[in-house]
Ligand code: B12
Ligand code: SF4
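Protein chains in written order, with the numbering used here: chain A, 91 to 404; chain B, 402 to 849.
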């Protein structure tokens, strides 16, 4: 039997979504095959790595995650600059944790000012992330959208409970929506339909499937993402033909396994490298499942995954 | 090529004698095509038909066993490209490398690692599986000595690696009863290695320069009667190595292409010098189809995440891992010890019980059947609510064991507190911390 390379027939294509403005704009998506199945199709835009910046200093990070940002941890503008200049972040994901009503509860206009300052300071596209509190996210993300109109940010998480208001703001002020649903292909599709009905254009939509890290349910996210790609590429499911964003860093670093010291459990090895690998390995698995944007934390994890993407694209 | 029921039927005796346990040959053919019965149940097949059907009904990726006895490792036998379709069957063997250039101390250190780095998680023991014994010097005596050392030093399964068949033969002699994987047949050593494989009965890896060349070699091996085969496409650059995995899996499953219907072996240890990068390449191959993954070394910080990643990817997507509903006694509780409730998702149970254990506070933990969903997920799905929690606890017999009427619930379901109290008259419901990591300080301060 002579060998012939088998090829899946793909009938769909992932849409291209461009984030940011002008020279710094980046496009993701455009795949015509499963992730890195390069013998079958193309990945015209390789997956991009964003880095997290917090608008108030995180209090619950393991030492290894804090260390690279020690000098800028109170200063989102310089934090973002450092990520871009020193660590090679391709996008910045600004996490607006200070706006959490159960925490600091920073008002929307103040948060929007921070967003603007960060956006002005860096030359890469911005992802602006709320706290998943619907009422507050509507205020905060709408204010940021307006203050930074036409800058083409990615705004998230946009959930069923707040999609109308945030969707409207994104449309009016020209931003992209990260539509978030809990690890379920049908829920994802449903929200995309709702956003489409609202008039959010197809090139302004990204899927946030909700992710979790190794040891905490990554297999569910992995399969949900794979199923989305299968539906999008082989079953003409146009409502799933969007790039996928995976907010993986905070999931990987919040686990107990990223914190245990080597002294506490010598079998677990060196804590810093373990944390970095929990992040980088989780990201690697999600890359294989179809992530187009990975939100990363540790510069070494980012470097590892970036190299892997480069190697895989060859 | 797989046959349909009708195609199989045409080859059967068509006597409907019923000796196979079903009334007709047609019914037997259908059952066989669906994989629901075995060929040997029909005693009336000619040798020729038997061979033909055996080939046709073999799984598209043959399972291969490395090693002997309880400790043997089974790889291959996979049936799907994507885990949600069925499940991935046999997790890839994680392998540590030792060579005959290493010092005694180094070899000892590595054997120690493979023996001493198993991890307990969700009630399972996770560990690496194999030692690859590699001849780098070409010296047969050194190789044999190393094989002996490995045999004596660990129960892990063995891969013998040498380009020279005579060296391999000496290695096999040293550890024949462990049924090591022989690495590797190539087009240059073909005759000799076929002979060694047949004599020793060991599984055989095949190394080629491309997928096409692999297929040529495995067809020849098949013709020589060798079926326990592991594939190495020879690629050592990450891109080509991944493409080869994808192509091999797809050819075997989607095209039923027999010559590639075997598990694979990959060598992240030869793809980079950076141990961190090696670890993420290994994670990629856990997801993308490797049967054996050879690492240059094992360290807790990379091995642990890799083993958990493997556990996750190979979990049955249709059935989450669960713990039995019931009362669990932790740290020898007595009638005054606190009572807590959690879900029966294995992961939740194992996190919560290990936190209680390390607090050293005696406790009862009631595990509620939530169909394998976590606390937050099952609560969101309406399966971990006041009625079901209340009645399950009242029926559990816990009141025979404790004198107090206090129940600690997970912080994430604080909203259920009043409703649970209504279901459990006379009980005080106390909201515990959200995160299991805060259980120790909570229990230390808690006065039942
Ligand atoms: C994996 C996952 C799933 C998997 C299921 C996994 C499983 N076996 O449970 C799947 C994909 C099936 C799933 C489905 C759904 N999910 Co879900 N899922 C998750 C995810 C990513 C992780 C959950 C997990 O495994 N956590 C780890 C375990 C260990 O956590 P845990 O059991 O809660 O235990 C912790 C604490 O509660 C505490 N604890 C536990 N017991 C006890 C006991 C005491 C006494 C104390 C003090 C503490 C304590 O300790 C543990 C560690 O800290 C989370 C989001 C996230 N990243 O956390 C969403 C999440 C839980 N899911 C969510 C939802 C909404 C759903 C769905 C309802 C969606 C839908 N409509 O279909 C369905 C429901 C399932 C169904 N219909 O049957 C929401 C819940 C929102 C909410 N707060 O109400 C979440 C938070 C996602 C989100 N942000 O929207 N999900
Ligand atoms: S035993 Fe064989 S011949 Fe008899 S009914 Fe079954 S398949 Fe037919």
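We put the CB at the ideal spot given by N, CA and C, even for glycine.
Model, not experiment: these values are computed from the prediction.
Sorting 241/A, 144/A and 363/A by C-alpha distance to the C-alpha of residue 183/A places 144/A at the top. Under the three-state reduction of DSSP, residue 391/A is assigned to helix. When C-alpha distances from residue 528/B are compared across 519/B, 536/B and 478/B, the shortest belongs to 519/B.
Taken in chain order, the complete alpha helix (DSSP H) segments of 4 residues or longer contained in the region 438-504 of chain B are 448-458. In this structure residue 137/A touches residue 383/A by the C-beta definition: roughly 7 Å separates them, less than 8 Å.
Looking at the backbone, the Cα of residue 833/B and that of residue 731/B are separated by about 17 Å. A Cβ of chain A is located within less than 8 Å of the beta carbon of residue 702/B. Close partners of residue 714/B in chain A (Cβ separation under 9 Å): 308, 309, 312 and 375.
Here the region 280-293 of chain A makes contact with the region 102-110 of chain A; the two share three or more CB pairs at distances below 8 Å. Put simply, of 127/A, 117/A and 148/A the residue whose alpha carbon is nearest the alpha carbon of residue 343/A is 148/A. At least one heavy atom of ligand 2 lies less than 7 Å from the C-beta of residue 420/B. A Cβ-Cβ contact shorter than 8 Å links residue 114/A with residue 214/A. For residue 166/A, the enclosing alpha helix (DSSP H) begins and ends at 166-175. In terms of Cα proximity to residue 561/B, the closest of 481/B, 545/B, 516/B and 465/B is 545/B.
For residue 611/B, the CB stays at least 7 Å from every heavy atom of ligand 1. About 6 Å separates the beta carbons of residue 387/A and residue 155/A, which is inside the 8 Å limit, making them a contact pair. In terms of Cβ geometry, residue 268/A and residue 288/A do not form a close pair [threshold 8 Å]. The C-alpha of residue 678/B lies about 8 Å from the C-alpha of residue 395/A. Chain A places no beta carbon closer than 8 Å to that of residue 451/B, leaving this residue out of the contacts.
The Cβ atoms of residue 315/A and residue 685/B do not sit closer than 8 Å to each other. For residue 219/A, the secondary structure class from DSSP, reduced to helix, strand or coil, is strand.
At least one heavy atom of ligand 2 is found less than 7 Å from the C-beta of residue 416/B. Proximity of chain B to residue 176/A at the Cβ level (cut-off 8 Å) is not reached, the minimal Cβ distance being about 19 Å. Those residues of the region 610-635 of chain B placed with their C-beta closer than 9 Å to a C-beta in chain A are 612, 613, 615, 616, 617 and 620, ordered along the chain. Residues 595, 598, 599 and 605 of the same chain have their beta carbon placed closer than 8 Å to that of residue 627/B, with the five preceding and five following residues left out of the count. DSSP, reduced to helix, strand and coil, places residue 133/A outside both helices and strands of the structure shown, so it counts as coil. In the DSSP annotation of this structure, residue 649/B is not part of any beta strand (DSSP E); the continuous alpha helix (DSSP H) holding it starts and ends at 639-655. A Cβ-Cβ separation of about 25 Å leaves residue 694/B out of contact with residue 538/B under the 8 Å criterion. Taking C-alpha positions only, residue 483/B is separated from residue 717/B by approximately 12 Å. Neighbours of residue 705/B across chain A, judged by C-beta separation under 8 Å: 347, 357, 358, 359 and 364. Between ligand 2 and residue 413/B, a heavy atom-to-CB distance of less than 7 Å is present. For residue 305/A, the nearest beta carbon of chain B is closer than 8 Å to its own beta carbon. With a contact defined as Cβ atoms closer than 8 Å, residue 442/B and residue 421/B qualify at about 4 Å. Identification of residues in the region 498-523 of chain B having a C-beta nearer than 8 Å to some C-beta of chain A yields 517, 518, 520 and 522, given in sequence order. Taking a C-beta distance under 8 Å as the contact criterion, residue 334/A and residue 385/A do not qualify as a contact pair.
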